[in-house]
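Undergrad:
There are 2 protein chains.
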Amino acid sequence: MVIGRLSLYLRELQLVLGANKDTISSSTLARRLGLTASQVRKDFAYFGQFGYPGVGYRCDELIQKIRSILGTERVWPVALIGCGNLGQALLGYRGFGNQGFSVVAAFDKQPGLIGKNFEGLTVQHMDELGDTAKSRNIELAILAVPASAATEAAQEIVAAGISGIMNFAPVTLKLPPSVSKVGVDLAIELEQLAFSVLAKQRTKDRL
Amino acid sequence: MVIGRLSLYLRELQLVLGANKDTISSSTLARRLGLTASQVRKDFAYFGQFGYPGVGYRCDELIQKIRSILGTERVWPVALIGCGNLGQALLGYRGFGNQGFSVVAAFDKQPGLIGKNFEGLTVQHMDELGDTAKSRNIELAILAVPASAATEAAQEIVAAGISGIMNFAPVTLKLPPSVSKVGVDLAIELEQLAFSVLAKQRTKDRL
DNA sequence: TAGATTGTTAATCGATTAACAATC
DNA sequence: TAGATTGTTAATCGATTAACAATC
Numbered sequence: 003m004v005i006g007r008l009s010l011y012l013r014e015l016q017l018v019l020g021a022n023k024d025t026i027s028s029s030t031l032a033r034r035l036g037l038t039a040s041q042v043r044k045d046f047a048y049f050g051q052f053g054y055p056g057v058g059y060r061c062d063e064l065i066q067k068i069r070s071i072l073g074t075e076r077v078w079p080v081a082l083i084g085c086g087n088l089g090q091a092l093l094g095y096r097g098f099g100n101q102g103f104s105v106v107a108a109f110d111k112q113p114g115l116i117g118k119n120f121e122g123l124t125v126q127h128m129d130e131l132g133d134t135a136k137s138r139n140i141e142l143a144i145l146a147v148p149a150s151a152a153t154e155a156a157q158e159i160v161a162a163g164i165s166g167i168m169n170f171a172p173v174t175l176k177l178p179p180s181v182s183k184v185g186v187d188l189a190i191e192l193e194q195l196a197f198s199v200l201a202k203q204r205t206k207d208r209l
Numbered sequence: 003m004v005i006g007r008l009s010l011y012l013r014e015l016q017l018v019l020g021a022n023k024d025t026i027s028s029s030t031l032a033r034r035l036g037l038t039a040s041q042v043r044k045d046f047a048y049f050g051q052f053g054y055p056g057v058g059y060r061c062d063e064l065i066q067k068i069r070s071i072l073g074t075e076r077v078w079p080v081a082l083i084g085c086g087n088l089g090q091a092l093l094g095y096r097g098f099g100n101q102g103f104s105v106v107a108a109f110d111k112q113p114g115l116i117g118k119n120f121e122g123l124t125v126q127h128m129d130e131l132g133d134t135a136k137s138r139n140i141e142l143a144i145l146a147v148p149a150s151a152a153t154e155a156a157q158e159i160v161a162a163g164i165s166g167i168m169n170f171a172p173v174t175l176k177l178p179p180s181v182s183k184v185g186v187d188l189a190i191e192l193e194q195l196a197f198s199v200l201a202k203q204r205t206k207d208r209l
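These protein sequence lines map, in sequence, to chains A and B.
Start counting at 1 in the first sequence, then tack on 2, and there's your number in the numbering used here.
Start counting at 1 in the second sequence, then tack on 2, and there's your number in the numbering used here.
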């Protein structure tokens with residue numbers, strides 16, 4: 003819960019630093035993110051004393067601290083599983099690199115895709131996942147295959163010794179407790195948006 | 003909070019129905035999603051009496067109820083803003099159609115993209131957004147432009163009278179309270195995953 | 001009827017907020 | 001010193017869980 007906000011703070015602090023502001027107060031940061039100053043201070047205090055009374059938080063320092071908590075001081079090599087439409091787009095996505103992630107290998111099962119080159123990466127067959135994961139120290143995988151193939155692919159990912167899966171397929175993966183996951187379901191996000199729009203309309207109608 | 007889970011229930015119920023099961027109990031549904039049976043029942047009870055004591059919930063009925071709460075009984079026409087890498091992938095994404103969304107128009111500002119055809123849609127210039135939104139009753143927009151262009155694009159979306167934005171750019175949009183948003187930041191999701199993987203490693207090391 | 005499962009209440013748990021002494 | 005802002009405590013708020021009578 004706190005961890006989710008930590009990422010938001012990090013993103014915002016990078017923007018603030020980019021605007022040449024050295025320090026920021028909890029109240030300013032809170033306003034920018036739509037939170038309360040209390041919550042911001044509480045969140046940071048949970049991990050230590052990061053601020054300076056009377057001054058605020060030093061952006062560069064705080065960015066470092068958050069990075070070290072999240073584990074993104076170093077660069078994580080990532081495997082992409084599934085090189086269809088979405089997978090290819092994710093390969094081209096520049097946002098990962100800035101935040102400490104690098105997609106270093108891409109896999110698929112479709113004969114038509116294997117051997118093809120996307121963004122400097124040659125698509126490998128899934129059978130090579132285990133070996134490549136080992137040799138390249140890959141601990142994270144982005145799963146971008148169709149829903150029907152997701153469960154099987156997840157098993158292969160686990161078998162390859164990878165310990166975190168970012169799942170774009172609209173299914174609930176059943177994984178051993180040692181393996182972490184985050185699910186990104188784009189249709190669900192749109193549903194949440196639709197509900198929110200509708201809720202505002204319903205409120206307005208009621209007045 | 004509840005609403006987020008409603009979408010998950012919906013997704014799972016569709017799978018259960020696809021497996022030819024007519025009814026499901028709160029405990030089974032909970033187990034499949036990693037929740038408690040109490041929570042599942044509470045969530046549904048919040049919106050009315052949907053179940054049958056001694057029997058469970060009828061999948062088809064419950065799906066209908068959830069759809070009606072979320073507002074996805076009807077199909078929402080959606081505008082895509084930004085037809086780069088990610089935008090094009092989202093155009094090809096099949097998952098939206100099944101859940102009550104249809105991308106019916108695509109926009110960009112890059113002269114090289116305007117007029118091009120992706121998945122049967124011709125890329126229009128942003129200047130046409132207002133007119134098209136009106137004529138096609140578009141209330142939702144998917145914003146898939148680079149971070150540097152996001153704030154300006156968001157303003158144009160709002161000016162076009164659209165009331166919900168799904169934002170893929172890694173910035174916090176400042177919007178009037180009448181406009182809803184959901185943010186999807188892929189780097190943040192990976193950060194959450196990395197933290198979770200690291201947390202498990204740290205726990206293991208401590209033993 | 002016996003077994004299963006709901007809807008709902010009351011109890012627990014955790015997260016958020018407000019307030020303020022301590023600090024620069 | 002005066003003004004600003006933190007870290008932290010205590011109070012509030014909301015969400016989750018456990019338990020069980022009511023229902024099929």
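Positions of the beta carbon are idealized from the N, C-alpha and C atoms, including for glycine.
#1: Evaluate residue 104 of chain B with the Cβ neighbour count: other Cβ atoms within 10 Å of its Cβ, from every protein chain shown; 16 or more gives buried, anything less gives exposed.
#2: Which two residues bound the contiguous beta strand (DSSP E) that contains residue 118 of chain B?
#3: Is the region 188-207 of chain B close to the region 66-85 of chain A, with three or more CB pairs under 8 Å?
#4: Would DSSP call residue 76 of chain A helix, strand or coil?
#5: Quick one, which of B:48, B:27, B:69, B:44 has its alpha-carbon nearest residue 60 of chain B's?
#6: Between residue 172 of chain B and chain A, is there a C-beta pair that is closer than 9 Å?
#7: What does the Cβ neighbour count give for residue 95 of chain B, buried or exposed, with the cut at 16 atoms within 10 Å?
#8: Below 8 Å between beta carbons is the criterion; list the residues of the region 10-32 of chain B that meet it against any residue of chain A, in chain order.
#9: Buried or exposed: which applies to residue 21 of chain A, given that a residue is buried once 16 or more other Cβ atoms fall within 10 Å of its Cβ?
#10: Residue 161 of chain B: buried (16+ other C-beta within 10 angstroms of its C-beta) or exposed?
#11: Starting from residue 169 of chain A, trace the beta strand (DSSP E) in both directions and tell me its first and last residue.
#12: Short of 6 Å in beta carbon distance, which residues of its chain neighbour residue 58 of chain B, apart from the five on each side in sequence? Order them along the chain.
#13: Report the neighbours of residue 54 of chain A on chain B: residues whose CB is nearer than 7 Å to its CB, in chain order.
#14: Where do the ends of the alpha helix (DSSP H) carrying residue 207 of chain B lie?
#15: Going by C-alpha to C-alpha distance, which of B:169, B:84, B:143 sits closest to residue 112 of chain B?
#16: Do you know how far the Cα of residue 148 of chain B is from the Cα of residue 122 of chain B?
#17: Note down, in chain order, every chain B residue with its Cβ under 7 Å from the Cβ of residue 88 of chain A.
TA: According to the structure data:
#1: Exposed, by the Cβ-count rule.
#2: Following the DSSP letters along the chain, one finds residue 118 of chain B in no beta strand (DSSP E), marked with neither H nor E.
#3: The region 188-207 of chain B vs the region 66-85 of chain A: in contact.
#4: Three-state result, residue 76 of chain A: coil.
#5: Residue 60 of chain B has its Cα closest to that of B:27, out of B:48, B:27, B:69, B:44.
#6: Chain A contact via Cβ: present.
#7: Buried, by the Cβ-count rule.
#8: Those would be 10, 12, 13, 14, 17, in chain order.
#9: Exposed, because fewer than 16 other Cβ atoms sit within 10 Å of the Cβ of residue 21 of chain A.
#10: Counting of Cβ neighbours within 10 angstroms places residue 161 of chain B among the exposed residues, the total staying below 16.
#11: Residue 169 of chain A -> beta strand (DSSP E) spans 166-169.
#12: Closer than 6 Å at the Cβ level, and outside the excluded window around residue 58 of chain B, lie 25, 26, 27.
#13: By Cβ distance, chain B contributes nothing, its closest Cβ being about 24 Å from residue 54 of chain A, past 7 Å.
#14: Per DSSP, residue 207 of chain B belongs to the alpha helix (DSSP H) from 188-208.
#15: Selected option, being the one with the closest Cα: B:84.
#16: The straight-line gap from Cα to Cα measures roughly 24 Å.
#17: Ordered by position in chain B, the residues that pass the 7 Å Cβ test against residue 88 of chain A are 91, 95.
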